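Going by my numbering, the sequence shown opens with residue 8, and the numbers climb by one from there.
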Amino acid sequence: MSKEPSAPVARQRSERGYRRLLLGTNVALAACAMAWVAYVAPNLTSPAIPQIAGRISRGEQYDLDRLRQIVVENLPAARRQCGAKTMRELLLLQLAIADESMRSDSMKQADADTEAVASSSRALLLCAPSEGLGWLGSYWSAIRREGFGPRTAALLGLSYGFAPHEAWLQLIRAPQALRVYGALSPELKINAIQDFTDIFGARLFPSAAALYQAAATSARADLLERTCNAPEIDRELFRRYVTDKGLQLRHRCYPSDDRPAYLQD
Numbered sequence: 008m009s010k011e012p013s014a015p016v017a018r019q020r021s022e023r024g025y026r027r028l029l030l031g032t033n034v035a036l037a038a039c040a041m042a043w044v045a046y047v048a049p050n051l052t053s054p055a056i057p058q059i060a061g062r063i064s065r066g067e068q069y070d071l072d073r074l075r076q077i078v079v080e081n082l083p084a085a086r087r088q089c090g091a092k093t094m095r096e097l098l099l100l101q102l103a104i105a106d107e108s109m110r111s112d113s114m115k116q117a118d119a120d121t122e123a124v125a126s127s128s129r130a131l132l133l134c135a136p137s138e139g140l141g142w143l144g145s146y147w148s149a150i151r152r153e154g155f156g157p158r159t160a161a162l163l164g165l166s167y168g169f170a171p172h173e174a175w176l177q178l179i180r181a182p183q184a185l186r187v188y189g190a191l192s193p194e195l196k197i198n199a200i201q202d203f204t205d206i207f208g209a210r211l212f213p214s215a216a217a218l219y220q221a222a223a224t225s226a227r228a229d230l231l232e233r234t235c236n237a238p239e240i241d242r243e244l245f246r247r248y249v250t251d252k253g254l255q256l257r258h259r260c261y262p263s264d265d266r267p268a269y270l271q272d
C-alpha cells in the first residue's frame, strides 16, 4: 500500500520544481534578450552622427578616413531602417568626403567617393522622394561624371523644387549652381540668385562672400544687384569680406572709395 508523502517533503519537492521552472524561465529570457540584441544592434546608428553632420554643414572639417569609417559603420543600418534623417546626415558626410577628395591626387579614390554619393542619394530618395538633399547629391555626382546637361539640370531643378529655402542646404547648393551660372536656364538662374539672396539676407556675410567668390564672372553683377536695397552697413560688411578674399566690387551699389586707406576707416 503506497504511502502519501508528508507535508514537509511535498513542500520541498514543490519548491525544487519552482526553482527549476524559474531557472528555466530566466535562461529562456536571457536567450531571447541576446537574440534581440543580436537582431537590433546592427540596426542602431551612432548618436554622434547629427552633431558631426551639423558641424560639417557649418564648414568644419574632419579627417576623411574617420568620416568614411562613420559612414561604413552606420549606413547599412540606416538603409535597413529606411531612416531618412540618418541617411540625410550620412549623405552630408559623404558629400564633404567627396568634395575634399576631388582636390586630392587620387582619382581612383575621388571616383569611388563620387559613386558613394550617387549610391547614397539613390537610397535616400527611395525612402524619401521629396528629400532636396537627395536630389542635390544626385546632381553633384552626375555633373562630375557627365558634365552639365539636360539630365543634371533636371536634378538641380528637383532640389530647388523640394527644398527652395533650407539655409543649410542652400549653403551647399548655391556654389554648385553659381559655378555653372552661364549654362543655367532662366528659372534656375533665378533660383541660384535666390539662394545667395537668402544667405545675404540672413546676414551670413562670410558665406555670402564665399559664394560671390565661387560664382562665375557672369553671375556676379546679378548677385550684387540683389543686395542694393540692403542697409548700407550690411553692404559694407559684405564688401569687407569680399575684399579680404582679394576681390574688388565694381557696381553702382558699391561706389569705389578713392581716399587713402588711412582715411577709409
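A virtual CB, placed ideally from N, CA and C, is assigned to each residue, including glycine. Every value quoted in this text rests on a predicted model; they were computed, and no experiment measured them.
Checklist entry - Do the CB positions of residue 130 and residue 86 come within less than 8 Å of each other? => result The Cβ atoms of residue 130 and residue 86 lie closer than 8 Å to each other.
Checklist entry - For residue 151, which option in 135, 128 and 118 has the closest C-alpha, if you only look at C-alpha atoms? => result Each of 135, 128 and 118 was checked against the Cα of residue 151, and the nearest Cα belongs to 118.
Checklist entry - For residue 248, which of helix, strand or coil comes out of DSSP? => result Helix, per DSSP.
Next on the checklist: Measuring straight from C-alpha to C-alpha, what distance separates residue 240 and residue 177?
Outcome noted: Near 24 Å, if we compare the C-alpha coordinates of residue 177 and residue 240.
Next on the checklist: Bridge partners for residue 261 per DSSP, in chain order?
Outcome noted: DSSP lists 258 as partners of residue 261.
Checklist entry - If you draw a straight line from the alpha carbon of residue 89 to that of residue 232, how long is it in whole angstroms? => result Each residue's alpha carbon lies about 43 Å from the other.
Next on the checklist: Taking the beta carbon of residue 94 as the centre, do at least 16 other beta carbons fall within 10 Å, making it buried, or is it exposed?
Outcome noted: Of the residues assessed, residue 94 falls on the buried side of the cut-off, its CB having 16 or more other CB atoms within 10 angstroms.
Next on the checklist: Helix, strand or coil, according to DSSP, for residue 124 in the structure here?
Outcome noted: Note: residue 124 maps to helix in three-state DSSP.
Item to check | Nearest-angstrom Cα separation, counted from residue 167 out to residue 194 | outcome: Each residue's Cα considered, the two are about 10 Å apart.
Checklist entry - Which word fits residue 96, buried or exposed, when buried means at least 16 other C-beta atoms lie within 10 angstroms of its C-beta? => result It is buried - the Cβ of residue 96 has at least 16 other Cβ atoms within 10 Å.
Checklist entry - When you compare only the Cα positions, how much space is there between residue 78 and residue 245? => result Taking the straight line from one Cα to the other gives about 36 Å.
Checklist entry - Where do the N-terminal and C-terminal ends of the alpha helix (DSSP H) with residue 189 fall, by residue? => result Run containing residue 189: none; DSSP gives neither H nor E here.
Checklist entry - Is residue 171 helix, strand or coil by DSSP? => result Residue 171: coil per DSSP, three-state reduction.
Next on the checklist: Counting C-beta neighbours from all protein chains within 10 Å, is the total for residue 133 16 or more, i.e. buried, or is it exposed?
Outcome noted: Residue 133 is exposed by the Cβ-count criterion.
Checklist entry - Are the segment 143-160 and the segment 108-127 touching by the rule of at least three beta carbon pairs closer than 8 Å? => result The answer is yes - the segment 108-127 touches the segment 143-160, with three or more Cβ pairs under 8 Å.
Item to check | residue 238: first and last residue of the uninterrupted alpha helix (DSSP H) it sits in | outcome: No residue range can be given for residue 238, since it is assigned to no alpha helix (DSSP H) and is classified by DSSP as neither H nor E.
Next on the checklist: So, for residue 258: in the same chain, excluding its five sequence neighbours on each side, which residues have a beta-carbon less than 6 Å away from its beta-carbon?
Outcome noted: Here the set comprises 231.
Item to check | Unbroken alpha helix (DSSP H) run spanning residue 102, endpoints | outcome: In the DSSP annotation of this structure, the continuous segment of the alpha helix (DSSP H) that includes residue 102 starts and ends at 91-108.
Item to check | Nearest-angstrom Cα separation, counted from residue 135 out to residue 104 | outcome: Between the alpha carbons of residue 104 and residue 135 lies a gap of roughly 23 Å.
Next on the checklist: Less than 8 Å between the C-beta atoms of residue 225 and residue 248, yes or no?
Outcome noted: No, these two residues do not count as a Cβ contact at 8 Å.
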